[in-house]
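In UniProt numbering, the protein residues as written are 1 to 853.
Report on the following structure.
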């Protein structure tokens, strides 16, 4: 899962691209620019080129890296050479961009790239790198993982890649970068963490390139498994060659992994080694035993004992009864007793640390290990510091106190983190609680329907975030006493806040979205304007002035660059435009989707042919135009046979509604209902059987599914998991007599009856579970499913954040508010609207059209 840290810098409330941050710090610019050169800003880069210069399509890119304290000097030295040789180049435009592309949480392929130059051919590349190596012979910089270094230089790197933008659109709307290989074919321009050459391309500089090390065994240790890669290095499970014992190895790369204060990964690792030695001498067992510290090539390594167990992130997922189906009071009692022991032992370890004159600082679930013998150990002393020393605090969002709370007491970091862990163990809503402490009241009420939360645990969980005596939103008892009235109020407040968040004049989006929206597009159903307008319309709310026109205009303009699919692209936008009477525009967008290569190359509901076909059915229902019905039939007939379908679902053989076989089965059922031809149902049943074959635990009383063949997380969600499979199966059990589907349905529904998910949203959160239950109840009259949907809806109050404009919800990973349908407020609104006023087709089906047919 991508961590969205770079999208949390620019705005305290909403996700936003890093380059939109208002405070960029020092701007970078060469001190001397010759006449005839022009510059322009694109994203985080400033591009320089001679007037009328034309970049080659591909070639040997030259990258220059620099230490955090030598940026201006390296820029002037390097650009002096680049200007002299007339080579176009770009550099990071501001200090903030350098900090975040070299941050410990930054994407590893980008790290180290401070300047990128584009020489026209091999000879020019060699000439440039030789001159740069000489000019920068006294400089050092991080190793660029995607490149090779030139000669003996510590700053000059190169790789073969595209100079101009060459891309192939992916079904999710993101772009696959391309480069031309040695045979003239466009292939993926791989920008990973290792040097790669396309077929037919030879490295003309290889004789000059030293190997960067990276063997599996060195320094007396064998590296057996990667535990956690990071931009600053990595963490590994290893074996001490002389003894055979397991060890933990932590790596730091030079001049990168930058944290606050421009402290690099190697500086932090050396400090951690000294801390561990001091603590081990004074109190063995308090911290991991330090074994060795060594340097290999330019990397440094810290070796400690290997502690068997799980950190609290993994331990909680494995043990918290909240995420199980039908937990018993005994389950909760046992779990809470173990949580109390964990908190007490963590507090004891921190007290011992404080007595030795240290603070841990980053007390968070990833840094507390629940050991196999039932105890706990503090791990990762990277942030630890002496109590009286000056230090730059490092912490984990949701577990770090605000600066004004610390005051002059550094131990407050640890006490706050300990209380945050107590809250996390009850249920991990830390980032929501920081914005609305009343979340805890609803959380506790939901749990105590089954078992009481011990006072000792709860008093810690609420120590720094006590619920308010007069909360702005109703208390859980009030919601329980009159759920429909309070859920209607929540629906209306959510819609109010959505309308207030609209900004039709914003350069990049109308409604706040998540990072995926910026990386894909901000128009589509899942991440963009179309999805929000759909939710507002279903709630009966007038659309914000200018929002529909902005969607119409932008969609028509961007149509050639958008993917064709239903949830990520043109088909979903066309559906929403048609729902608002813009039938010609909708038809034009669907015609563009028909011609897109992805429509036949991808079969899925989210991004391929199945979704385009379903949108044609919707347009047929709106217009009565037989062309759309013919196109739906043709696209469905063009779907590959079962034996060839896996290749059309994407690289990982996904499961579920959006990217798996359930979505194609849904199309087949909808087409059968509209046309009266039951033939497609036979294949649909077969596809749903194949989905059931993928269940994580086929013998369990409830059914969950992995995300894909490579992502084995068992999921209950709408986009990939039980809710999405239920969404399709509910329609089939009403249409066919199939024993296996009928037997599976109660087990699918059991998995959805939950009041606890980490996120509230539609595609991957609580609202999606509720929507699937609501749709099942609407289609079948199942009263228990209706009651379960109401329970799910009441639990949304634990995620609701009151705001002066209404009620907001935090989007994907809960770092910032968001409006989009995927994880934000509009998905919550759509579920609540459907629950309170059931009507056909809230989530892009054509049941109403089928009923008319």
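Where is the CB? At the ideal position from N, CA and C, for every residue including glycine.
Predicted model only: the values in this text are computed from it and were never measured.
Pull up the DSSP beta-bridge partners for residue 735, would you.
Working through the chain shown from its first residue, we reach residue 735 at position 735. DSSP lists no partner for residue 735.
Excluding sequence positions up to five away, which residues of its chain have a Cβ less than 6 Å from the Cβ of residue 101?
Within the chain shown, numbered from 1, the residue matching residue 101 stands at position 101. Around residue 101: 110.
With a threshold of 8 Å on Cβ separation, who are the neighbours of residue 188 within its own chain once the five nearest residues in sequence on each side are excluded?
Sequence index remark: in the chain shown, residue 188 carries index 188 (1-based). The residues are 176, 177, 178, 179.
Go ahead and label residue 847 buried or exposed: buried means 16 or more other beta carbons lie within 10 angstroms of its beta carbon, across all protein chains shown.
The residue you call residue 847 lines up with position 847 of the chain shown. So residue 847 counts as buried.
Helix, strand or coil for residue 430 per DSSP?
For this step, residue 430 is matched to residue 430 along the chain shown. Correct three-state label for residue 430: helix.
Is the segment 476-486 touching the segment 516-523 in the sense that three or more CB pairs, one from each, lie closer than 8 Å?
Counting Cβ pairs under 8 Å, fewer than three are found: no touch.
How many angstroms separate the CA atom of residue 855 from the CA atom of residue 346?
No answer is possible for residue 855: it lies beyond the span of the chain, which begins at 1 and ends at 853.
What do you reckon, is the C-beta of residue 777 under 7 Å from a heavy atom of the ligand HEM?
With respect to the ligand HEM, the structure shown offers nothing to examine, as it has no ligands at all.
I'd like to check one pair, residue 577 with residue 586: are the Cβ atoms closer than 8 Å?
Residue 586 sits at position 586 when you count from the first residue of the chain shown. Residue 577 sits at position 577 when you count from the first residue of the chain shown. Yes, the pair counts as a contact, with Cβ atoms nearer than the cut-off.
Can you look up residue 222 in the DSSP assignment and give me helix, strand or coil?
Working through the chain shown from its first residue, we reach residue 222 at position 222. Strand.
Excluding the 5 residues preceding and the 5 following residue 835 in the sequence, name in chain order all residues of the same chain whose CB lies nearer than 6 Å to its CB.
Residue 835 sits at position 835 when you count from the first residue of the chain shown. For residue 835, where only same-chain residues beyond five positions count, the Cβ hits under 6 Å are 774, 789, 793.
Less than 8 Å between the beta carbons of residue 256 and residue 112, yes or no?
Working through the chain shown from its first residue, we reach residue 256 at position 256. Working through the chain shown from its first residue, we reach residue 112 at position 112. Yes. Within cutoff.
Could you check whether the segment 730-742 touches the segment 756-768, counting it as contact only if at least three pairs of C-beta atoms, one from each stretch, sit closer than 8 Å?
No: the two stretches stay apart, fewer than three of their Cβ pairs being nearer than 8 Å.
How many angstroms separate the CA atom of residue 210 from the CA atom of residue 116?
Translated into positions along the chain shown, residue 210 becomes position 210. Translated into positions along the chain shown, residue 116 becomes position 116. The predicted position of residue 210 is uncertain, since its pLDDT is 48 and thus under 50; a value taken from the coordinates is nonetheless stated next. If you take the alpha carbons of residue 210 and residue 116, they lie about 21 Å apart.
Let me confirm a value: residue 183 is counted as buried when at least 16 other C-beta atoms fall within 10 Å, else exposed. Which label applies?
On the chain shown, position 183 is the one that residue 183 refers to. Burial call: exposed.
So residue 311 is in the beta strand (DSSP E); what residue range does that whole segment cover?
Here residue 311 refers to the residue found at position 311 when the chain shown is read from its first residue. From DSSP, the beta strand (DSSP E) with residue 311 extends over 309-311.
Apart from the five residues just before and just after residue 153, which ones in its own chain have a Cβ nearer than 6 Å to its Cβ?
On the chain shown, residue 153 is found 153 positions in, with the first residue counted as 1. Within the same chain, residue 153 has close Cβ partners 133.
With 16 other CB atoms within 10 Å as the buried threshold, where does residue 12 fall?
Position 12 of the chain shown, counted from the start, is the residue given in the question as residue 12. Exposed, by the Cβ-count rule.
Less than 8 Å between the beta carbons of residue 910 and residue 635, yes or no?
Because the chain here runs from 1 to 853, residue 910 falls outside it and cannot be looked at.
Can you list, in chain order, the residues of its chain with a C-beta nearer than 6 Å to that of residue 331? Leave out the 5 residues immediately preceding and following it.
Along the chain shown, read from residue 1 onward, the residue named residue 331 stands at position 331. Excluding residues within five positions, the ones whose Cβ falls inside 6 Å are 321.
Assuming the contact rule is C-beta atoms closer than 8 Å, residue 855 and residue 431 should be a hit. Round their C-beta distance to whole Å, please.
Here the chain has residues from 1 to 853 only, and residue 855 is not among them.
Rounded to the nearest angstrom, what separates residue 194 and residue 186 at their Cα positions?
Here residue 194 is taken as the residue at index 194 of the chain shown, counted from 1. Here residue 186 is taken as the residue at index 186 of the chain shown, counted from 1. Each residue's alpha carbon lies about 20 Å from the other.
Assign residue 164 to one of two classes, buried (16 or more other C-beta atoms within 10 Å of its C-beta) or exposed (fewer than that).
Mapped onto the chain shown, residue 164 falls at position 164. Residue 164 comes out exposed.
From residue 243 to residue 224, what does the alpha carbon distance come to, in whole angstroms?
For the purposes of this step, residue 243 is taken as the residue at position 243 of the chain shown. For the purposes of this step, residue 224 is taken as the residue at position 224 of the chain shown. Taking the straight line joining both Cα atoms gives about 15 Å.
Pull up the DSSP beta-bridge partners for residue 167, would you.
Reading the chain shown from its first residue, position 167 is the one you call residue 167. Looking at the DSSP assignment, residue 167 forms a beta bridge with 177.
Which same chain residues end up closer than 6 Å to residue 486 when comparing Cβ atoms and leaving out the 5 residues on each side of it in sequence?
Start at 1 with the first residue of the chain shown, and residue 486 comes out as number 486. Contacts found: 474, 479.
With a floor of 3 residues, list each beta strand (DSSP E) that falls wholly inside the segment 649-732, ordered by position along the chain.
DSSP runs (the beta strand (DSSP E)) wholly in the segment 649-732: none.
Need the endpoints of the alpha helix (DSSP H) that residue 250 sits in, please.
Within the chain shown, residue 250 is the residue found at index 250, counting from 1. First-last for residue 250: 246-252, but that is the beta strand (DSSP E), not the alpha helix (DSSP H).
Note down, in chain order, each residue of its chain lying with its Cβ closer than 7 Å to the Cβ of residue 234, except the 5 sequence neighbours on either side.
Taking the chain shown and counting its residues from 1, one reaches residue 234 at position 234. The residues are 226, 228, 251.
Just to confirm the assignment, what range does the beta strand (DSSP E) spanning residue 157 have?
Indexing the chain shown from 1 puts residue 157 at position 157. Run containing residue 157: 156-162, per the beta strand (DSSP E) assignment.
Cα separation between residue 840 and residue 557?
Counted from its first residue, the chain shown places residue 840 at position 840. Counted from its first residue, the chain shown places residue 557 at position 557. Taking the straight line from one Cα to the other gives about 31 Å.
Sort 685, 494, 201 by Cα distance to residue 60 and report the nearest one.
Against the chain shown, residue 60 aligns to sequence position 60. Minimum Cα distance to residue 60 is reached at 201.
If I'm right that residue 429 touches residue 462 with Cβ under 8 Å, what's the distance once you round it to whole angstroms?
Numbered from 1 along the chain shown, position 429 holds the residue referred to as residue 429. Numbered from 1 along the chain shown, position 462 holds the residue referred to as residue 462. Residue 429 to residue 462, Cβ: 13 Å. No contact.
Here's the rule: buried if 16 or more other CB atoms are within 10 angstroms of the residue's CB, otherwise exposed. What is residue 213?
Within the chain shown, residue 213 is the residue found at index 213, counting from 1. In this prediction, residue 213 has a pLDDT of 47, which is less than 50 and means its spatial position is unreliable; nothing more can be read from the coordinates.
Given that a residue counts as buried once 16 or more other Cβ atoms are within 10 Å of its Cβ, and exposed if not, what is residue 562?
Position 562 of the chain shown, counted from the start, is the residue given in the question as residue 562. By the 10 Å Cβ count, residue 562 comes out buried.
Give me the Cβ distance between residue 19 and residue 54, rounded to the nearest whole Å; I'm assuming they're in contact under 8 Å.
Within the chain shown, the letter at position 19 stands for residue 19. Within the chain shown, the letter at position 54 stands for residue 54. In fact, because the Cβ distance is near 26 Å, the residues do not count as touching under 8 Å.
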